[in-house]
Each structure stands twice: as C-alpha cells, then as structure tokens.
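Here the structure is laid out as structure tokens; the discussion comes afterwards.
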Amino acid sequence: MTILDGKKVSNDIKDEITEQVKKMKAKGEKVPHLAAIIVGNDGASLTYVGSKVKACERVGFESTLVKMSNTTSEVELLDKINELNEDPNIDGFIVQLPLPEQINEQKVLLAVNPDKDVDGFHPANFGKMALDMTTFIPATPFGILELLDRYGVETKGKHTVVIGRSHIVGRPMSILMGRKGFPGNSTVTLTHSHTKNITQITSQADIIISALGVPNFLKAEMVKDDAVIIDVGITRVPDDSTEKGYKITGDVDFENVSKKASYITPVPGGVGPMTIAMLLKNTLLACERHRKNGTV
Numbered sequence: 231m232t233i234l235d236g237k238k239v240s241n242d243i244k245d246e247i248t249e250q251v252k253k254m255k256a257k258g259e260k261v262p263h264l265a266a267i268i269v270g271n272d273g274a275s276l277t278y279v280g281s282k283v284k285a286c287e288r289v290g291f292e293s294t295l296v297k298m299s300n301t302t303s304e305v306e307l308l309d310k311i312n313e314l315n316e317d318p319n320i321d322g323f324i325v326q327l328p329l330p331e332q333i334n335e336q337k338v339l340l341a342v343n344p345d346k347d348v349d350g351f352h353p354a355n356f357g358k359m360a361l362d363m364t365t366f367i368p369a370t371p372f373g374i375l376e377l378l379d380r381y382g383v384e385t386k387g388k389h390t391v392v393i394g395r396s397h398i399v400g401r402p403m404s405i406l407m408g409r410k411g412f413p414g415n416s417t418v419t420l421t422h423s424h425t426k427n428i429t430q431i432t433s434q435a436d437i438i439i440s441a442l443g444v445p446n447f448l449k450a451e452m453v454k455d456d457a458v459i460i461d462v463g464i465t466r467v468p469d470d471s472t473e474k475g476y477k478i479t480g481d482v483d484f485e486n487v488s489k490k491a492s493y494i495t496p497v498p499g500g501v502g503p504m505t506i507a508m509l510l511k512n513t514l515l516a517c518e519r520h521r522k523n524g525t526v
C-alpha cells in the first residue's frame, strides 16, 4: 500500500512555482497576484484564507485579503467583485464560501470575471472543462489529478466510482476521470444520496473518490482488494483526548480500508494541501495568460 502524500507533492509544486516566479522577476515581468474576499467571521474560512495568504508569500506571489463584515449586502459584495475584475494588478481572485444568507451565492459566482476565476467555479470555465478545452480546473479536482499523475496511478480502462455530486468536487471529478488522456480514460459511475446498493457499486471499483463529508462512511467491506482510494472528506469530529477538542476525519475508515488499498490518501495530509497548491498554479496560469493576451 502506497500513501498518496499530498503534503509532500504540494510542497514540490510550491517549490516549482517559486522557481518560475524567480525567473519572472529576473526578466522584469509582473509576478502573479491572488486576491481573496471573505465575508463574515467563519472560523474555518478565516483559517483557510489565512493559509492561502501564507502560501502566496512562500512562492513569491503578491496577495490581497479583502475582509467584509457579516452584514455586507449583496450589492456591496458585487461592487467589490467588479472592482477586482477591473483591477489589472489582480490576476485571479476567489470569494470564500459559505456566504451569509442575505447574499445569493450563484449571483456572486456569475459576477466573477471567468479570466480571473482561479477557483474554476464560473459556468464558462466549468463548461470549457466539460468540453476538454483549456481552462481553470477547480482546485480540489485539479489536485487529485496531479496526485494520480505524479504517483503514476493507472486510470485508463479502470472503473472509477465518485461518491458525492457537489459542483466543487464530485461533479467535476466525474467529468475529468472520463475525459481522454491521463489521468482519465476511465469508466465513471457517479453515486450520491439516492444511489441504491452503493456497496455493490463501490466493491466493483478500481478507483474510489469520496467527497461526501460523512466521517468514516467508506468501510473495508465496501472496497475490493488493491483499489485506489481518494478521500476528499474533511469533518471535525469531537474528541476530548485532543488539545483542540476535535479531530479531522475523512470519509474513509482509513485504519481498515488502508489494509486492502493499493494507494490511499490520508486525512489530513492528502487532498487538502493539494487544493491550495493548485489554486496557486491556477493563479500562475492566469498571470501567464494575461501577459500573452496583453491584458496586464
């Protein structure tokens, strides 16, 4: 059994990006600039955005963090998004989800300029991804592809089962694993809360990508020998024995499933670190694209 070490691979990617940024600086080119908007004081979101800012510093990017209060109106947020759309200094930006209830999430995602949508959530980018066109791939699926690629995990002709159909992970993953090329060319089954006989389906899978958010959902009896297991789940489970009072748990019963798997991602330290690394990669791609198009 091989651990798909997202922490190590994400550090490798950050090192590669750092080298590219050094070359850009040496040529006198503009360095990539990532901005993030956060509305409200959600603890997990603040931590996540903070780690994005630190990652920017590490690779030599410029970064801007826009904090807005919990009472921000939809109009105020849309105005701020338009400001970043128009700012030639900003190569890419993200709007941290979830948003307060007074703000329509869909309206916000549609307002982001697709050329700066480094999260890959805009319908224009999602559509291009579905049609195999060059675009921004959502960071978590992009990270999973990169892990499979760098560990040389065979995907061609394999049966991939995706658990969960979110627009951020499950749905794009099902499209990407079925596309031509590597990683891809697999036969994909997309399962969700209304899927019947899920154990029967998962036990036939060569590759399982679980993005459900239910701790320890995938048990050993649901997995065949030598399956590849990608655990996207990340849930805080109360645990009094830890200093923080909780532990981070994935969708997979790691202890038992890892005994049967050929490759498996740990939680934490698997898919999570890859998400931030690929957000940086998308920002670098945005910067290069803007330079070629003469839009910066």
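When we follow the working numbering, the leftmost residue of the sequence shown carries the number 231, and every step to the right adds one. All C-beta atoms, glycine included, are put in the ideal place defined by N, C-alpha and C. None of these values were measured; they are calculated from a predicted model.
Can you tell me where the alpha helix (DSSP H) holding residue i begins and where it ends?
i	result
LEU569	Lying outside 231 to 526, the shown extent of the chain, residue 569 is not represented and no answer is given.
ASP242	236-256
THR364	Premise fails: THR364 is in no alpha helix (DSSP H) and is neither H nor E.
GLY602	Nothing can be reported for residue 602, as the shown portion of the chain is limited to 231 through 526.
VAL289	273-289
VAL325	From DSSP, VAL325 is part of no alpha helix (DSSP H) but of the beta strand (DSSP E) over 322-325.
GLN332	Careful: GLN332 lies outside any alpha helix (DSSP H) and carries neither H nor E.
GLU304	304-316
By the DSSP assignment, the beta strand (DSSP E) with residue i in it spans what residues?
i	result
TYR476	476-479
Could you tell me how far apart the beta carbons of residue i and residue j are, in whole angstroms, since I believe they sit closer than 8 angstroms?
i	j	result
HIS459	ILE438	Strictly speaking, residue 459 in this sequence is Ile, with His absent from that position. Between ILE438 and ILE459 the Cβ distance is about 5 angstroms, and since that is below 8 angstroms, they are a contact.
GLY499	ASP235	7 angstroms
ALA516	ASP321	4 angstroms
SER293	CYS286	4 angstroms
ILE398	PRO368	6 angstroms
MET359	PRO402	6 angstroms
SER416	LYS386	7 angstroms
ALA265	VAL296	6 angstroms
ALA507	SER303	ALA507 to SER303, Cβ: 34 angstroms. No contact.
LEU307	VAL338	6 angstroms
Any idea which residues DSSP pairs residue i with across the strands?
i	result
HIS389	THR417
LYS297	ILE268
ILE374	For ILE374, which the question treats as bridged, DSSP gives no partner whatsoever.
THR232	TYR493
ASP347	PHE323
HIS263	GLU292
Handout entry: the stretch 466-485 touching the stretch 424-442, judged by at least three CB pairs closer than 8 angstroms
Key = Counting Cβ pairs under 8 angstroms, three or more are found: they touch.
Problem - Complete alpha helix (DSSP H) runs within the stretch 399-485 (minimum length 4 residues, chain order) - result: Those alpha helix (DSSP H) runs which fall completely within the stretch 399-485 and span 4+ residues are 400-407 and 428-432.
Problem - Inter-stretch contact (C-beta, 8 angstroms, three-pair minimum) for the stretch 426-438 and the stretch 340-352 - result: At 8 angstroms Cβ cutoff, the stretches do not touch.
Problem - Cβ contact check for the stretch 490-498 and the stretch 468-476: 3 or more pairs under 8 angstroms - result: Short answer: they don't touch.
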